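J.: In this note's numbering, each residue's number is its place in the sequence shown (first place is 1) plus 123. Quick reminder that beta carbons are idealized off the backbone N, C-alpha and C, glycines included. All values reported here derive from a predicted model rather than from experimental measurement. Have a look at this one.
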Amino acid sequence: GGFGQTRRRARTAMPGARDFLRLAVVTARRAGHVSASHAARARFLGCSASRNPARHFGTPTGGFGHRGFATGARDDVDDANDELDAVFGVGRSAAVGAKDARFAGTTEKTSLNEASASLSHVDGKGAASMVDVGNKKSTTRVARASATVLLGATAFDLVSRNAIQKGDVLTVAKIAGISAAKQTHVLIPLCHSLSLRKVTVDLTLDATKNAVRVESSATCDGKTGVEMEALVAASVAGLTVYDMCKAASKDIVISDVRLESKTGGKSGDYARDA
Numbered sequence: 124g125g126f127g128q129t130r131r132r133a134r135t136a137m138p139g140a141r142d143f144l145r146l147a148v149v150t151a152r153r154a155g156h157v158s159a160s161h162a163a164r165a166r167f168l169g170c171s172a173s174r175n176p177a178r179h180f181g182t183p184t185g186g187f188g189h190r191g192f193a194t195g196a197r198d199d200v201d202d203a204n205d206e207l208d209a210v211f212g213v214g215r216s217a218a219v220g221a222k223d224a225r226f227a228g229t230t231e232k233t234s235l236n237e238a239s240a241s242l243s244h245v246d247g248k249g250a251a252s253m254v255d256v257g258n259k260k261s262t263t264r265v266a267r268a269s270a271t272v273l274l275g276a277t278a279f280d281l282v283s284r285n286a287i288q289k290g291d292v293l294t295v296a297k298i299a300g301i302s303a304a305k306q307t308h309v310l311i312p313l314c315h316s317l318s319l320r321k322v323t324v325d326l327t328l329d330a331t332k333n334a335v336r337v338e339s340s341a342t343c344d345g346k347t348g349v350e351m352e353a354l355v356a357a358s359v360a361g362l363t364v365y366d367m368c369k370a371a372s373k374d375i376v377i378s379d380v381r382l383e384s385k386t387g388g389k390s391g392d393y394a395r396d397a
């Protein structure tokens with residue numbers, strides 16, 4: 124009857140409805156619509172009575188019969204929970220997974236320690252951390268980065284003729300990139316404030332791709348690298364090109380923002396393969 128329809132709906136219900144269904148089952152049980160016997164519950168669920176062998180206190184095996192173990196007491200809510208677990212297909216594997224959760228803390232801690240060994244801005248607890256560079260040697264550090272701004276034919280034609288309404292796109296983007304590099308520690312929260320010796324931003328037109336090629340570099344004498352300064356310069360220069368040209372096209376794409384090379388520092392030199 125009506126309870127059979129509830130059962131069929133429960134089999135296809137979303138997990139988020141579980142609390143509501145538990146209440147419905149308990150209410151139905153109290154109204155006498157569901158037999159209190161274990162065998163009747165098994166027939167209702169379409170499964171064998173052994174689906175949950177740990178119904179009774181002192182039988183800590185399988186299923187979800189662990190409910191009520193602490194006191195030996197079970198009530199309608201415990202039974203309803205077990206029935207709904209069966210309806211939703213939660214079986215022994217889930218119980219085993221819950222049992223294994225005791226070891227999750229140890230595994231997680233090990234993973235975090237491994238991560239902190241390779242991620243300098245993550246401490247042993249997985250929290251964000253600013254690196255202490257006090258013990259590092261001061262060396263000359265140089266980093267180069269690049270980005271590509273795909274303009275499309277219409278916008279590229281306007282930029283190449285310096286006909287964009289806002290003005291000289293390449294010059295404005297160059298100044299924006301240099302200014303941004305000097306504000307990297309403000310934009311990227313765990314970056315150090317550096318005394319930059321030099322920042323360069325060069326923009327060139329690529330007629331074969333209807334694109335602007337952005338190349339940047341940053342140089343300093345210090346205890347930490349300038350990769351982020353070079354990358355921020357290239358990124359903001361690309362964003363500025365977009366801003367200057369967006370009235371002409373909304374299809375502009377900023378792509379391939381990447382580090383090209385770096386020198387200096389404990390980690391050694393790096394150059395991207397061609």
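May I ask you to verify whether the region 342–351 touches the region 362–375, counting CB pairs closer than 8 Å and requiring at least 3?
T.: no
J.: Per DSSP, what kind of secondary structure is Cys368 in: helix, strand or coil?
T.: In the sequence shown, counting from the first residue as 1, residue 368 sits at position 245. Three-state result, Cys368: helix.
J.: Determine whether the beta carbon atoms of Thr271 and Ala334 lie at a separation below 8 Å.
T.: For the purposes of this step, residue 271 is taken as the residue at position 148 of the sequence shown. For the purposes of this step, residue 334 is taken as the residue at position 211 of the sequence shown. Going by C-beta atoms, Thr271 is nearer than 8 Å to Ala334.
J.: Closest by CA to Ala327, which one among Ala296, Ala341, Gly345?
T.: Your numbering for residue 327 matches position 204 in the sequence shown. The sequence as given places Thr at residue 327; Ala does not occur at that position. Taking only the C-alpha atoms, the option nearest Thr327 is Ala296.
J.: Excluding the five sequence neighbours on either side, which residues of its own chain have a C-beta within less than 7 Å of the C-beta of Ala299, listed in chain order?
T.: Position 176 of the sequence shown holds residue 299. Closer than 7 Å at Cβ, skipping near neighbours: Val359, Ala360, Thr363.
J.: Can you tell me which of the three DSSP states Asp379 falls into?
T.: The residue you call residue 379 lines up with position 256 of the sequence shown. Asp379 falls in the strand class under three-state DSSP.
J.: Hey, out of Ala268, Cys314, Ala370, whose CA is closest to Ile287's CA?
T.: By one-based count along the sequence shown, residue 287 stands at place 164. That would be Ala370, whose Cα lies nearest to the Cα of Ile287.
J.: How many Å lie between Lys332 and Asp374 at the Cα?
T.: Against the sequence shown, residue 332 aligns to sequence position 209. Against the sequence shown, residue 374 aligns to sequence position 251. Computed Cα separation, rounded: 14 Å.
J.: Residues in the same chain with beta-carbon distance under 8 Å from Asp344, minus the five sequence neighbours each way, listed in chain order, please.
T.: The residue labelled residue 344 in the question sits at position 221 within the sequence shown. For Asp344, the CB contacts under 8 Å within the same chain, skipping 5 residues up- and downstream, are Ser261, Thr262, Thr263, Arg264, Ser318, Arg320 in chain order.
J.: Mind reading off the beta-carbon distance from Thr277 to Ser372? Whole number of angstroms is fine, and I expect it under 8 Å.
T.: Within the sequence shown, numbered from 1, the residue matching residue 277 stands at position 154. Within the sequence shown, numbered from 1, the residue matching residue 372 stands at position 249. Rounded, the Cβ-Cβ distance is 6 Å, consistent with contact.
J.: Please name the residue or residues paired with Arg336 in a DSSP beta bridge.
T.: Counted from its first residue, the sequence shown places residue 336 at position 213. In the DSSP output, where bridge partners are listed per residue, Arg336 has Thr271, Thr327.
J.: Within its chain, find whatever has a CB closer than 8 Å to the CB of Ile311; leave out the 5 residues flanking it on each side and keep chain order.
T.: Stepping through the sequence shown from its first residue, residue 311 is reached at position 188. The residues are Met351, Val355.
J.: Suppose the cutoff is 8 Å on Cβ atoms and the five residues either side in sequence are ignored; what does the same chain contact list for Ser269 look like?
T.: For the purposes of this step, residue 269 is taken as residue 146 along the sequence shown, with counting starting at 1. If we look at Ser269 and ignore the five residues flanking it on each side, its Cβ neighbours are Arg336, Val337, Glu338, Ser339, Ala357, Asp379, Val380, Arg381, Glu383.
J.: What are the start and end residues of the alpha helix (DSSP H) that includes Asp246?
T.: Here the question's residue 246 lines up with position 123 in the sequence shown. Where Asp246 is concerned, there is no enclosing alpha helix (DSSP H), given that its DSSP letter is neither H nor E.
J.: Roughly how far, in whole angstroms, is the beta-carbon of Thr307 from the beta-carbon of Cys314, given that I think they are within contact range, below 8 Å?
T.: Locating residue 307 in the sequence shown gives position 184, counting from the first residue. Locating residue 314 in the sequence shown gives position 191, counting from the first residue. Sure, about 5 Å apart at Cβ, within 8 Å.
J.: Taking all protein chains shown into account, decide if Arg284 is buried (16 or more other Cβ within 10 angstroms of its Cβ) or exposed.
T.: As a working note, residue 284 is residue 161 in the sequence shown. With fewer than 16 Cβ atoms within 10 Å of its Cβ, Arg284 is classed as exposed.
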